[in-house]
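Residue numbers (UniProt numbering): 1 to 249.
Structure, as structure tokens:
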């Protein structure tokens, strides 16, 4: 029987090949770098136990793969996503800057022209300036209506929530560009729409800035240097065994 004639060394090579394939699945399907490294280390142990110089090139490829994965960004993308989940839950408690002073759309230019032809405009500007100096500011008693309507307040919080959700998805996918863009826009929303003098908002901004400074990129290699050489090694060993069996017949 040809299968019975296979040497223990061939089984160890087959195990190493299986472990490398599993490492690839963990890496590309689950984005699990840590487990992929452990699988590659175990594959190398199988080959090392052979004490066979012919497998040294494949072991060198395995060492290269392990080194490449160990140098990837160690930031836990899931931890970043969980931090964003906590921040999203706080949004409804953040106070909005509902009494934001609107811009004065009626402000007039009081700069005098140096042209003699503009004497009438200059005279009018001087007159308005004198009148404004004597105007009395009248205090109106009564409730102050918020500048932001209830609908605008709702939309501001929903926009912030949406941007943090975008950042969360980007973090899990290692998309540093979308992650940074979403958090920067979220920061702009907070500055423009929320009351930055309140402690809840300042704490939220601090947490947001920490996340902005976090690098979530993880350029995972598209292939493992050891996979194809190991497949070729296994194929050659299998062919040798079956070839020897055929010759014996």
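Even for Gly, the Cβ is constructed at its ideal location relative to N, Cα and C.
Bear in mind that the values here come from a model prediction, so they are computed numbers and not experimental data.
- For residue 53, there is no enclosing alpha helix (DSSP H), since its DSSP letter is neither H nor E.
- Secondary structure note for residue 169: its alpha helix (DSSP H) is the uninterrupted segment 150-173.
- In the DSSP assignment, residue 8 falls within the unbroken alpha helix (DSSP H) covering 8-29.
- Put simply, the segment 225-234 touches the segment 7-23. At least three CB pairs are less than 8 Å apart.
- Annotation: residue 89 to residue 161 spans about 9 Å, alpha carbon to alpha carbon.
- Under a 10 Å Cβ-count criterion, residue 203 is classified as exposed, with fewer than 16 other Cβ atoms of the shown protein chains found around its own Cβ.
- In summary, residue 24 is buried, with 16 or more beta-carbon neighbours lying within 10 Å of its beta-carbon over all protein chains present.
- The Cβ atoms of residue 221 and residue 35 lie no closer than 9 Å to each other.
- Shown here, residue 96 sits in a strand according to DSSP, grouped into three states.
- Just measuring C-alpha positions, the residue of 27, 64 and 75 sitting nearest residue 176 is 75.
- Within the same chain, Cβ atoms closer than 8 Å to the Cβ of residue 182 are found at 163, 164, 166, 167 and 170, the five residues on either side in sequence being excluded.
- Under the 10 Å beta carbon count, residue 79 is surrounded by fewer than 16 other beta carbons and is classified as exposed.
- Residue 194 is bridged by DSSP to 96.
- Between the segment 209-226 and the segment 51-68, the count of Cβ pairs shorter than 8 Å is three or higher; the stretches touch.
- For residue 34, the enclosing alpha helix (DSSP H) stretches over residues 33-48.
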